[in-house]
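A.B. asks: Numbering (our numbering), first residue to last: 11 to 98.
Think of the CB as a built atom: it goes at the ideal place given N, C-alpha and C, for glycine as much as any other residue.
Small disclaimer: the values here were computed from a predicted structure and weren't measured.
1) Less than 8 Å between the CB atoms is what I'm expecting for residue 92 and residue 21, so what's the real figure, rounded?
2) Whole angstroms is fine: what's the gap from residue 29's alpha carbon to residue 78's?
3) Whose CA, out of 44, 86 and 71, lies closest to the CA of residue 12?
4) So for residue 26, helix, strand or coil by DSSP?
5) Alpha carbons only, please: which of 80, 89, 90 and 96 is nearest the one belonging to residue 41?
Structure (structure tokens):
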């Protein structure tokens with residue numbers, strides 16, 4: 011899975027700077043991913059129910075955010091999680 015999502019992971023794992031990692035950061039990233047998934051699902055449901063194509067834009071944006079947060083939270087290294095939070 012890491013190889014499949016390496017373009018996302020490499021972006022957050024690059025750099026040689028020091029970082030401050032806390033396990034709570036990883037937990038919060040996973041919670042944010044779930045929340046973004048709920049928002050994307052709700053937006054998609056509303057777009058389909060009311061036949062509004064403009065509702066697909068928020069669904070795609072929140073789904074993308076959910077995927078990035080989930081990938082970094084579940085597969086990323088401690089450095090990737092710290093870089094997602096910009097804690098150094």
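C.D. replies: With the structure as the only source:
1) Taking the first residue of the chain shown as position 1, residue 92 is located at position 82. Taking the first residue of the chain shown as position 1, residue 21 is located at position 11. Not quite, the Cβ-Cβ distance comes to about 14 Å (not below 8 Å), so this is no contact.
2) As a first step, residue 29 must be located in the chain shown, where it is residue number 19. As a first step, residue 78 must be located in the chain shown, where it is residue number 68. Their backbone Cα atoms lie some 20 Å apart in a straight line.
3) For the purposes of this step, residue 12 is taken as residue 2 along the chain shown, with counting starting at 1. Closest option to residue 12, judged by alpha-carbon separation, among 44, 86 and 71: 86.
4) By one-based count along the chain shown, residue 26 stands at place 16. It is coil, neither helix nor strand.
5) Looking up residue 41 in the chain shown gives position 31. Taking only the C-alpha atoms, the option nearest residue 41 is 80.
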